[in-house]
Each structure stands twice: as C-alpha cells, then as structure tokens.
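Reading through the structure tokens given below for one structure.
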Amino acid sequence: MPTAATTYNPIAKSLHWLMALLIIGLWSVGMVMEDMPKGDFRSQVIGLHKAIGVVVLLLAMVRLTWRLTNPPPELPATMPTLERLGAKLGHLALYTLMIVMPIDGILMTQAKGRVVDVFGFVLPTMVEKNDELKHLFSEGHEAMGLALAVVLVVHVAAAIRHHVMLKDDVLKRMLPGRA
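Residue 2 is where the sequence shown starts when you use the working numbering, and the numbers rise one by one after that.
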C-alpha cells in the first residue's frame, strides 16, 4: 500500500476524478449535440454543455493552483528520462486544454451573438457577434476536442501500462481510498 509520500492527497484525487467524469461527459455530449434535431431539448443540452464547461474551467484553475502549491508525488526513480518528459508534457497538455478549451467555447458562443448562462449567471461579453471569430473559435474548439481525446487516451493507456505491464504504483497513487 502506498505511503503518503507516494500518493496524491485526497483533494488532488477528488479534483482529478470529478474533472475526469465532467470532461468525459462534456466531450461525449459535444460529439453528438450539434447533430441533434433543433428544438428545446437540444437547446437545453447545449446550455448544460456550456455551463458545465465553465465549471470545468473554474475547477481547472483550482486544480492548477492546488498542484502548484501541493506538488505531486515523485515519479518512480526507475522511469526513463524520456518517459518522465512525456508525463510532464502530457500533464501540461491536459491542463492547457482544461483551461483554453472552455475559454474558446465561451468566446465561440459570444462570437455567435449568444450569451453564456452558467446556471442563471450570465457571463460578461468579451467579444461581440463576429462571423469570422465564430468560425475561428468553432474550428479551434473542434480541434481541441480531438486533441483532448488523443491526450486522454494516451494518459489512460500510460496509467494502465504502469499498472499491468510495469506493475508499479503510478496508477495506484491516484486511486480513491489510497492514503
């Protein structure tokens, strides 16, 4: 069983798993919502997608602050330098996407001339209606969604590799209930 020095703390674990669920849900809904028939249900789904996206942005900022003030446990000493670099770059990509993608979604919505309503709170307008920006932000949001899918697959595959093939505690460090 890992010791406190080799595992993430409960706040980091809670933020990780909560955000994992929210992001997988957002990504899944994002893949199908534009193809839904126009109507009230579609509008509600899109509104919920936007609101939860803003929640993910806020949680990502909390999570980044937490990570910077509570460093993660060290990677195994046996991990090759290139893998350490890959882990750091992968986490950098995840944090970047968790922050930039929701901001892009907000800007995309506003460039369409719409407001971003987060559970009854309307965000201030940062850009006015603009078709060129709408296209730019839409393309960016879609590209980031695909990038996020790739980074998440690599992240999960790496964790499984550590657990199944390398039989180290890298995955166990983030599992709930481990102290």
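We put the CB at the ideal spot given by N, CA and C, even for glycine.
Check: So is Phe120 buried or exposed if we call it buried at 16+ other beta carbons inside 10 Å?
Finding: One-based indexing of the sequence shown puts residue 120 at position 119. So Phe120 ends up on the exposed side.
Notebook entry, point to check: First and last residue of the alpha helix (DSSP H) that includes Phe42?
Noted result: Here residue 42 refers to the residue found at position 41 of the sequence shown. Start and end: Asp41 to Thr70.
Check: Is it buried or exposed for Lys135, if we count other Cβ within 10 angstroms and need 16 for buried?
Finding: Translated into positions along the sequence shown, residue 135 becomes position 134. Lys135 comes out buried.
Item checked: Element boundaries [alpha helix (DSSP H), containing Arg162] -> Your numbering for residue 162 matches position 161 in the sequence shown. Here the alpha helix (DSSP H) through Arg162 covers Asp132 to Val165.
Check: Mapping DSSP to helix, strand and coil, what is Val30?
Finding: Walking along the sequence shown from the start, residue 30 turns up at place 29. The answer is helix: DSSP assigns Val30 an H, G or I state.
Next item on the list: List the residues that DSSP assigns as beta-bridge partners of Phe122.
Entry: Residue 122 sits at position 121 when you count from the first residue of the sequence shown. Answer is Val119, bridged to Phe122.
Checklist line | Residue environment, Asp36, which counts as buried when at least 16 other CB atoms sit within 10 Å | finding: Against the sequence shown, residue 36 aligns to sequence position 35. It is exposed - the Cβ of Asp36 has fewer than 16 other Cβ atoms within 10 Å.
Item checked: At least three beta-carbon pairs within less than 8 angstroms, the region 126-141 to the region 101-108 -> Contact holds: three or more Cβ-Cβ distances are below 8 angstroms.
Margin query: Out of Gly114, Ile100, Met62 and Leu65, which one is the CA nearest neighbour of Glu133?
Written below: As a first step, residue 133 is located in the sequence shown; it is residue number 132 there, counting from the start. Closest option to Glu133, Cα to Cα, is Gly114.
Next item on the list: Use the C-beta contact count for Ala78: other C-beta atoms within 10 angstroms, 16 or more gives buried, fewer gives exposed.
Entry: Here the question's residue 78 lines up with position 77 in the sequence shown. Its Cβ having fewer than 16 others within 10 Å, Ala78 is exposed.
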